[in-house]
Amino acid sequence: MTDPPERSFTCLARHLDGSVEELPKERIDEIDKLTDRDGTLVWVSATAPTSEDIAAIGREFRLHPLALEDLHKQQQRPKLDTYERQHMVVAYEAVPAAPDGLSEIHMFIGAGWLLSVTWTATPLLDAVRDGFAARRNGGPDTTGTLLYALLDAAVDSYFPVLDTISERIDALEDRVLEGEADRESLAEILYLKRRLLELRRVLAPMRDVANALLRRDLEIVDASSAPYYQDLYDHLVRVLDQVDIYRDLLAAVLDARLTVASNSLNAIMKRLTAFTVVLMVPTLIAGIYGMNFDLMPELRWPFGYPLALAVMAAAVVVSVTYFRRKGWF
Amino acid sequence: MTDPPERSFTCLARHLDGSVEELPKERIDEIDKLTDRDGTLVWVSATAPTSEDIAAIGREFRLHPLALEDLHKQQQRPKLDTYERQHMVVAYEAVPAAPDGLSEIHMFIGAGWLLSVTWTATPLLDAVRDGFAARRNGGPDTTGTLLYALLDAAVDSYFPVLDTISERIDALEDRVLEGEADRESLAEILYLKRRLLELRRVLAPMRDVANALLRRDLEIVDASSAPYYQDLYDHLVRVLDQVDIYRDLLAAVLDARLTVASNSLNAIMKRLTAFTVVLMVPTLIAGIYGMNFDLMPELRWPFGYPLALAVMAAAVVVSVTYFRRKGWF
Amino acid sequence: MTDPPERSFTCLARHLDGSVEELPKERIDEIDKLTDRDGTLVWVSATAPTSEDIAAIGREFRLHPLALEDLHKQQQRPKLDTYERQHMVVAYEAVPAAPDGLSEIHMFIGAGWLLSVTWTATPLLDAVRDGFAARRNGGPDTTGTLLYALLDAAVDSYFPVLDTISERIDALEDRVLEGEADRESLAEILYLKRRLLELRRVLAPMRDVANALLRRDLEIVDASSAPYYQDLYDHLVRVLDQVDIYRDLLAAVLDARLTVASNSLNAIMKRLTAFTVVLMVPTLIAGIYGMNFDLMPELRWPFGYPLALAVMAAAVVVSVTYFRRKGWF
Amino acid sequence: MTDPPERSFTCLARHLDGSVEELPKERIDEIDKLTDRDGTLVWVSATAPTSEDIAAIGREFRLHPLALEDLHKQQQRPKLDTYERQHMVVAYEAVPAAPDGLSEIHMFIGAGWLLSVTWTATPLLDAVRDGFAARRNGGPDTTGTLLYALLDAAVDSYFPVLDTISERIDALEDRVLEGEADRESLAEILYLKRRLLELRRVLAPMRDVANALLRRDLEIVDASSAPYYQDLYDHLVRVLDQVDIYRDLLAAVLDARLTVASNSLNAIMKRLTAFTVVLMVPTLIAGIYGMNFDLMPELRWPFGYPLALAVMAAAVVVSVTYFRRKGWF
Amino acid sequence: MTDPPERSFTCLARHLDGSVEELPKERIDEIDKLTDRDGTLVWVSATAPTSEDIAAIGREFRLHPLALEDLHKQQQRPKLDTYERQHMVVAYEAVPAAPDGLSEIHMFIGAGWLLSVTWTATPLLDAVRDGFAARRNGGPDTTGTLLYALLDAAVDSYFPVLDTISERIDALEDRVLEGEADRESLAEILYLKRRLLELRRVLAPMRDVANALLRRDLEIVDASSAPYYQDLYDHLVRVLDQVDIYRDLLAAVLDARLTVASNSLNAIMKRLTAFTVVLMVPTLIAGIYGMNFDLMPELRWPFGYPLALAVMAAAVVVSVTYFRRKGWF
């Protein structure tokens, strides 16, 4: 969040005849003329607006004071709020470049117009804008289909994120099973856990928003667009399913990591025990022949010394063999 | 997924008089003539269709754009989608040979016809096809009974999979209780955990689909086929119950494994302690008689050396006996 | 399941005047004459029927194909299925002698008759049969009260099972708190966990069946028998509460076991440390006086040797006292 | 439960004019005359009734056979059962002196009368009886307010119990954080866990009973007493909240205990390592100067011995300082 | 809670013309005159009232006996109680200075008046009071908006508390990942766990209160204030989401801490093993040349001693290098 986000403002209107008109920011106060025209669909998209921009937009679209406050404060929970003449939808897009990987979008829907506000330039807007401007027919043609296009692009942005997380969990699992219980893997587990919790935090209420759009009798979702919103809802449920599976897998990896650590401790202790025994037995033998008794016949034997060494070597060989057989070495 | 799946296309029509007609793929555009005939049940089954096949099928059956998109993308969540004139059911069959053990099936149901699309050749289709083609009477005779036959075969495919998992958990439990806390058992636990999570991911929404078919007033499930769909639902609930029990058992096995590892560590440490004491006591005695004091009467005793050895041996015997009694050896 | 279960077949009819008539198996095809008589209650009870028996029964009572399939396959989930003219209830009785401790019962209820099928001879049937046959008045007098009598006996069979489990958990807890973290206690924990999961698997749907009998408007449960079914439901909820409490206690015992093992490891390590220090200090002293320096005045002292021994003894006494004070011995 | 509970029987009737009449046990068969009088509230309270008492009471109040069975068997789940002309409420009071800390109360409510049966003499009954008998006006004046007075006293009895548990958990937490991972604290954790599970087992259904009294249209809870039952419900929810919080805290304490044990193991092992190194280095030096080479110049040095001792001392000081800096001592 | 809280009492009335009148405590009995005036909004705010104050307030506002009891006892669960002519809302504000970080507020709402009682002087009241008194227009102008203002201020007080908790968890995670498994971090984990449980205990029922205000048809929440209450509800859900995420993160940190401790134990044991081997090998060599055999040629070699030292040094270097390569040092 070091660089200030690029500010932008676009106002597009598509008339009934399919012609697309673009209004510069200066003529923002003429928007109501456009929205009053029958069959004209107006889309205003603002990125990183200043406080003054927000105030101007609020006046022009007669936004509710609470909606304005949300625009100022940001960090809202995904939600669908219904004011007298308007609806507000708050959603989040996955943007890997953003500091917490998420980009907030506020959308306001009124009769014939949709206003979307974001704080980072996201590919989502460009994609939808291309569809809106280029295709005379086939592009979104009601506020309902435009809202769907935006939400659909937002939801689709989570799939690559989940794929990355899935790969990182697979890599973690492999590393842990290979016994690499290093500190990095623990930091990675905690990082992924945090990521999944954050994804869950925005995706669960987004699913509820999709469901509310489907279930409540709102004029923006009509019979022909209902299957699209159902599809949106299905996708969100699928994404949430994945998030929950990854959480479970992550928990299993953490458990496995603890088990691997405990296994490896057992292996180390077996080795310590084996080393201790292997080295202490010849030390004891050396100690015995270091005693100063007057009468120790072995000390006088001509081959006493090599024999003692041989006995020590034999003790080492026997104990090493024993422990190797038990798998302690 | 190395071999390309075998492509196939079958169009069967059973007329009111029980006669079964098969249409080659080339005459796919004559399907609407068949479906228009009163009392004729048409079943089109496509395996591993190309993009062009999907487009052709889509045109012929007037599939909804979202349904077509799902056919192209695959990897859908099991669901029941209702479009204007059609229903779409997505389900999964357990196919041990498939890379993730699951095979996706998309089924479209319209007035008098059912279209099923799969991406691997599954025994399910053959079984249902035999029933459809061979038995003049008694085979599925409405889209509702045909859909049931397909879903029932899909659900039945999970029982052997669960039996295998159950046996593997039993084997795991035995191995863990015998103290074999090896790395393979941990990999096996993680593998089974993943399998169960994947099964849960497809089975829970399939149960919801079965429930939706029962509860919602759809024309495809009439009074006489309701008990069959109830049975389907019961089977799915049973399978899910088992999946949950296996998850709980697996978690218990993982816990047991940690406990076994900690027990075995205790045993190792007891042995290390016992070894250390058993070997250090005679070493100390040898050290004492290795001291160079002028006046050490024992050193002059004729039986000093054998006596010292006897004391060492006694110390070893006493300590070994002591630790064996405590069960540390 | 080594011995084949004893096959049996009983058909009892109680007429309005209280007289009880028994029909031999051969005259099974006369059952419909009995059920047609006004006010006559017919109870047919079959144990371990062969496939042919099932087919014959199915024909006589006009059972639904799915119900017949369930009879053939067994291992159903407890459920209440409603077919056109009949209801089917599947329940489980706790039978300690059975391989998995459970015995399946299928009950079919029609107008004036009840058919119960089991696969093991259970005390339940005898108890209910005595009530049915002996008491002219007071025994079950409608299909509803007969069904209740069977289900009530089935539910009551779980109480002694739970008492046994409770005692075993208490014994486990005592053993674990006494520090006996042996392998048997772990196997016992896993066994009880499995038992409780299996009990939960049959008891939870049985509770749902009892609830469905109460809530749905079925003709078999009338106003006067409703309190009895409410009682049945209460008992099932109580049994399930106990199962859940035992699961929680078992989890706590497993946690406690791990903690006890970790405590005992600490005690062992403390002892190892203490032993090592206690034995190494005199060994070091012996080593010092085993050095061969020309000028070591102590070696020449007349009481050098006993003094050295005294110092060693003092070191042992001091370190033993020190560690005993710290509680490491 | 060694002493037989004191048997008692009280029958109080308050007439419309506020006068209170007490009926001796012998005249139990005149109760119906009292209950028939308009505006008279009759409260019969029996403690530890014999089987004959229960039979007599059952006859007098025309109790349902199932209610009678519950009175004989006891150990019921808290519940609200509705029979034709009566309601039965089963609840539990916290009685620290009772073996499992709980005392069962069965209450039967009919038109103008309430019968309460307990098996231990509880302060609850005395408190409510004082209110009933003493105050002409202001005491409970309908069966609904009398039932509330009894249930309210029962619920209030849990607060001191929870306070005690809270203090014991605080004490446990302090002990565990101070590193006292003794066996008593583990037994205490298991004991508290069991206590909380038992409290949950009776409190959760009592909350459901309170809710059922509020929600269902029962004549015993009228508009003016509804806030009181709402208050009862709120208190039960609060008590259950506390129970759940204590369970969570207890689980955290158990986890903390394991962590403390593992910390303390680390400390012990560090000390063992330090001791081993500190003592082995001078032992090695002593061993070197104990070698019997002909040519070891140091052995001839006049200050060889004190120098060797000095080197040993230096090694000890250096290693002790090193390990102390690392915090291993 | 050492200092007695500052007692205060304020009665403000804003008339239809926007004029604000303040009534001293002595004239508390004139409140009903104010509330009777059309369009006058009366707000009475009492802090730390004595028992007599509560009794006086109760008389003046005709509070329900249960509401009075709650005022006396305090420590209520957040709730919305509806009495005949009044509503009572109990909520909690986060006040870092309070002993348990929470300050209780009871609010009573009648026709045209709102009474709020607190037991600590909170900034909340001052903020709302300023808005009430200063702004002639724009301040809360119905009991519904006044209640919202109070609740909104209460909810906003949790955000800084959660931010602090979030920072402390982050700090904990960093410390744990750096391997600092000290006792303080464990105490911190337990403290935060307790804090989060306490927050959950008041926030979950506050969310239910907000929901009840929205859903139930209460006259205090009209169409124009509904979006505000919806906003309140959204904020509470967001706060609860955060609390749950922090609980999950805390659990992960505790798990990580155990894993770090187990890692560090492995490191210590590796070092102990390495130290033991590194020091025992030269000790054994020294022991060998300390033996007293007559014929040990090496002892006679002129360079025997330096050679022995060299061999010891080599053994140390080799073993140190070996263990360093394995990462055990």
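Chains as they are written, first to last, in our numbering: chain A, 1 to 329; chain B, 330 to 658; chain C, 659 to 987; chain D, 988 to 1316; chain E, 1317 to 1645. Ideal Cβ placement from N, Cα and C applies to all residues, glycine included.
Chain B residues whose Cβ lies nearer than 8 Å to that of A/Lys270: Ile597
Contacts of A/Gly110 in chain E (Cβ-Cβ under 9 Å): The premise fails here: A/Gly110 is roughly 15 Å from chain E at the closest Cβ pair, so nothing lies under 9 Å.
Taking D/Arg1162 as the reference, which of D/Asp1016, D/Arg1244, D/Gln1062 and D/Tyr1276 has the closest Cα? D/Arg1244
Hey, could you find the ends of the alpha helix (DSSP H) E/Arg1330 is sitting in? Counting along the chain, E/Arg1330 falls outside any alpha helix (DSSP H), though it belongs to the beta strand (DSSP E) covering Ser1324 to Arg1330.
Enumerate in chain order the residues of its own chain whose CB-to-CB distance from D/Thr1022 is below 8 Å, with the five nearest sequence positions on each side excluded. Val1029, Gly1097, Ala1098, Gly1099 and Trp1100
For D/Asn1198, would you say it is in contact with chain E, using Cβ-to-Cβ distances shorter than 7 Å as the test? no
By the DSSP assignment, the beta strand (DSSP E) with E/Val1360 in it spans what residues? Leu1357 to Thr1363
Coil, strand or helix - E/Phe1424 by DSSP: strand
Which residues of the region 1614 to 1629 of chain E have a Cβ closer than 8 Å to any Cβ of chain A? Give them in chain order. none
Please state the DSSP three-state secondary structure of E/His1403. strand
For chain D, is any of its Cβ atoms less than 7 Å away from the one on E/Ala1469? no
Sequence-distant residues of the same chain with beta carbon closer than 7 Å to D/Ala1081, five excluded per side: Gly1088, Leu1089, Ser1144, Tyr1145 and Val1148
With 9 Å as the limit, tell me which residues of the region 895 to 917 of chain C have their beta carbon closer than that to any beta carbon of chain D; keep them in chain order. Val895, Arg896, Asp899, Gln900, Asp902, Ile903, Asp906, Leu907, Ala910, Val911, Asp913, Ala914, Leu916 and Thr917
Continuous alpha helix (DSSP H) stretch holding C/Lys683: start and end: No alpha helix (DSSP H) contains C/Lys683, which DSSP labels as neither H nor E.
Which class does C/Leu773 belong to by DSSP, given the choice of helix, strand or coil? strand
When the distance is taken between beta carbons, is B/Thr472 closer than 7 Å to B/Ile549? yes
Closer than 6 Å by C-beta to D/Arg1064: which residues in its own chain qualify, once you throw out the five before and the five after it? Chain order, please. Pro1192
Residues of chain B with a CB under 7 Å from the CB of C/His730: which are they? Within chain B, no residue comes near C/His730; the closest Cβ sits about 13 Å away, beyond 7 Å.
Is A/Val253 near A/Leu196, with beta carbons less than 7 Å apart? no
Relative to the alpha-carbon of B/Arg653, which residue among B/Leu601, B/Glu335, B/Met609 and B/Gly633 has its alpha-carbon at the smallest distance? B/Leu601
With DSSP as the reference, identify every bridge partner of B/Thr678, one or two as the case may be. For chain B, the structure presents residues 330 to 658; residue 678 of chain B sits outside this window and is missing.
Simplified DSSP state of A/Ala94, which is helix, strand or coil: strand
So, does the CB of C/Val975 fall closer than 7 Å to a CB anywhere in chain D? no
Please work out which residues of its chain come closer than 7 Å, Cβ to Cβ, to B/Ser648, disregarding the five sequence neighbours upstream and downstream, and give them in chain order. Val606, Val607 and Val610
Here's the rule I'm using: 16 or more other beta-carbon atoms within 10 Å means buried, otherwise exposed. How should C/Thr660 be labelled? Low per-residue confidence applies at C/Thr660: pLDDT is 45, beneath 50, and the placement is therefore not dependable enough to give any value.
Assign A/Pro99 to buried or exposed, taking buried as 16 or more other Cβ atoms, counted over all protein chains shown, within 10 Å of its Cβ. exposed
Which of helix, strand or coil does DSSP assign to C/Ser922? helix
Please identify the residue among C/Tyr886, C/Arg852, C/Glu688 and C/Val786 whose C-alpha is closest to the C-alpha of D/Glu945. The shown model of chain D, from 988 to 1316, leaves out residue 945 of chain D, and the question about it has no answer.
For the alpha helix (DSSP H) containing B/Pro626, name the first residue and the last one. Pro626 to Arg629
Where does C/Gly975 land, buried or exposed, given buried means 16+ other C-beta within 10 angstroms? In the sequence on display, residue 975 of chain C carries Val and not Gly. By the neighbour-count rule (16 or more Cβ atoms within 10 Å), C/Val975 is not buried but exposed.
Please classify D/Ser1144: does DSSP put it in a helix, a strand, or coil? coil
Cβ-based burial, C/Ala881 [other Cβ within 10 Å; buried from 16]: exposed
Could you confirm whether any beta carbon from chain E is found closer than 7 Å to the beta carbon of D/Leu1149? no
Assumed close pair B/Ser374, B/Thr474 - CB separation to whole angstroms, cut-off 8 Å: Wrong, their Cβ atoms sit about 16 Å apart, outside the cutoff.
Exposed or buried, which one is A/Gly290 when buried takes at least 16 other CB atoms within 10 Å? buried
Which chain B residues sit within Cβ distance under 9 Å of C/Arg841? Leu506, Glu507, Gly508, Val589 and Asn592
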